[in-house]
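Quick note: the sequence shown uses our numbering, first residue 46, plus one each step. Report on the structure given below.
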Amino acid sequence: MRKKWIIIIGIVVILIMAVWGLGRCGKAAMGKAFLNMEPQTHTVNRGDIESRIEITGEVQPQTVVSIKSKVSGKIVKFYVAENDYVRQGQIIADIEPDYNQANTLFSTKAQLERAELRLENARKDLADKEVLLQNEYISQEMYDAAADALTSALIEYKQASNQYEMIRELDVPGKVTHVFATASGVVIERKVNEGEMVQSSMNSFGEGTVVMKIADLSKMIVQSNINEVDIAKFSLGQHAEISLDALPYDNFVGTITKIAPMAIIENNAKVFPVEISINATGEKARPGMTAAVSILGESRLDVLTIPIRAVFSNDDDEDIVYLLPPASVGKGKDKKAPSAPPKPIPTLVKLGANDMQMVEVISGIKEGDVISLTDGEQTSQFPMMMH
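Next up, the structure:
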């Protein structure tokens, strides 16, 4: 019996020691966790702010030329393919003009002959009118009308002659017509295939079919659209840092070279197209790549700064911070015993530039003030920790 009581007492002692040990470990762990907590307050200090504007865009050649045919017909042969380099004046395709296009030459020639006949008649009529005017058989008004008719006939003849010469140079009647490159560059897109029909760029019923596009890949740009509410932040010549999704380890620089003077509608919003130069050729920064652009905006040196996450809005949608008053200490014999944590005071602030993490404070608080990084209710639950 005595042995049994000794065992029971021993178990109780072990349990008491275990509970006591766990308590000490728990307090130590809680203290360590508390010390490792992210600070909930921030001391207002001075620093530099470099505001940046982040936009996205698409890489494109600075110069793109659309090649069209002067005649309508069927593409019978291509001499170049996509990614080939061509020189201005080089033959890039052959077209077999269609029947209607071939007939155009004869039709235009007939128009020229009629215009030539009208011109001859107008000249003869004016010469006759001049004789009659000298003999006072007609009035000056009748002579002037004949002179105006000659002027109109001459204009009509010149137009018909130019049209005829232009079509005749195309070598239309039953012959293959060449399509020439109008600029030097790389073929970035072929819009039609051999055997397909194309419309003349000189057709009065449309703008003509684009046969291919040629680009100068030595000069690339980033094209982007800026919302109207942000366009005032942009100006020509602003420096830009550019990264490409397809080349995450390469960094590029550029400059804003063009800002459209008028907005366009995109996705039911008004935007302004902008162009940004990039220090890369098309061999690396290929057309169509997605670009992330960071543009340096306003720079502010040695100003009051606070974290953006310390800024809140009141019911009137005004910017506020939660300002902590100086911590009070306990009174009486134990003057080291701290009082209850002070309650933060909502304080209006006027803000300036920001760099997406820190923001400039123009007025409302001063250097050395301590503010909450959360709202007032959350901060008052924790002892003050300076950051």
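Ideal Cβ placement from N, Cα and C applies to all residues, glycine included.
In the three-state reduction of the DSSP assignment, Thr-196 falls in the helix class. In the DSSP assignment, Asp-295 falls within the unbroken beta strand (DSSP E) covering 292–304. The residues Phe-297, Val-298 and Gly-299, in chain order, have a CB closer than 8 Å to that of Asn-324 in the same chain once the five nearest residues on each side in sequence are set aside. For Leu-418, no beta strand (DSSP E) run applies, since DSSP gives it neither H nor E.
As a beta-bridge residue in DSSP terms, Phe-225 pairs with Ile-136.
From the listed residues Thr-86, Asp-93, His-87 and Val-89, the smallest Cα separation to Val-348 is found for Asp-93.
The segment 351–369 and the segment 314–329 do not touch, with fewer than 3 CB-CB distances between them shorter than 8 Å.
Apart from the 5 residues on each side of it in sequence, Leu-199 sits with its Cβ closer than 7 Å to the Cβ of Leu-164 in its chain, given in chain order.
Close CB contacts of Gln-402 within its chain, under the 8 Å cut and outside five residues either way in sequence, are with Pro-352 and Ile-353 (chain order). Just so you know, the alpha carbons of Ser-184 and Ala-194 end up roughly 16 Å apart. Within the DSSP bridge table, the entry for Pro-106 names Met-265 as partners. Rounded to whole angstroms, the separation of the alpha carbons of Lys-388 and Glu-412 is 20 Å. The alpha-carbon of Asp-400 is positioned some 34 Å away from that of Ser-263. Val-231: member of the beta strand (DSSP E) spanning 230–235, first to last residue. It is roughly 16 Å from the alpha-carbon of Glu-158 to the alpha-carbon of Ser-197. Ile-259 and Val-131 do touch by the CB rule: their CB atoms are close to 6 Å apart, below 8 Å.
Rounded to the nearest angstrom, the gap between the Cα atoms of Lys-113 and Gly-253 is 7 Å. Secondary structure at Asn-166: helix, using DSSP grouped into helix, strand and coil. Secondary structure at Lys-395: strand, using DSSP grouped into helix, strand and coil. Scanning His-223, Asp-261, Asn-270 and Gln-133 for the CA closest to the CA of Glu-311 turns up Asn-270. Annotated three-state conformation of Arg-91 is strand, per DSSP. Close CB contacts of Ile-365 within its chain, under the 8 Å cut and outside five residues either way in sequence, are with Val-356, Phe-357, Ser-358, Asn-359, Pro-391, Thr-392, Leu-393 and Val-394 (chain order). Gln-244 and Glu-273 have their C-alpha atoms roughly 39 Å apart. Under DSSP, Pro-318 shares a beta bridge with Asn-270. Counting along the chain, the unbroken beta strand (DSSP E) around Arg-345 starts and ends at 335–352.
When secondary structure is reduced to three states using DSSP, Leu-369 falls in the strand class.
If you look at Phe-123, you'll find it in the beta strand (DSSP E) that goes 118–123. Cβ-Cβ separation between Val-104 and Gly-230: approximately 16 Å, too far for a contact (criterion under 8 Å). Within a 10 Å sphere around the beta-carbon of Leu-369 sit 16 or more other beta-carbons, which makes this residue buried. Classified as buried, Gly-102 has 16 or more neighbouring CB atoms from the shown chains inside 10 Å of its CB.
Across the set Pro-293, Ile-321, Glu-181 and Arg-235, the C-alpha of Ile-321 shows the shortest separation from the C-alpha of Lys-303. When the Cα atoms are used, Ile-407 and Gly-282 turn out to be separated by approximately 28 Å. Taking Ser-344 as the centre and dropping the five residues before and after it, the same chain places the C-beta of Glu-95 closer than 6 Å to its C-beta, in chain order. Distance from the Cα of Ile-276 is smallest, within the candidate group Gly-342, Val-255 and Met-265, for Gly-342. Taken through DSSP and simplified to helix, strand or coil, Ile-276 comes out as helix.
The Cβ-Cβ distance between Leu-171 and Ala-192 falls below 8 Å.
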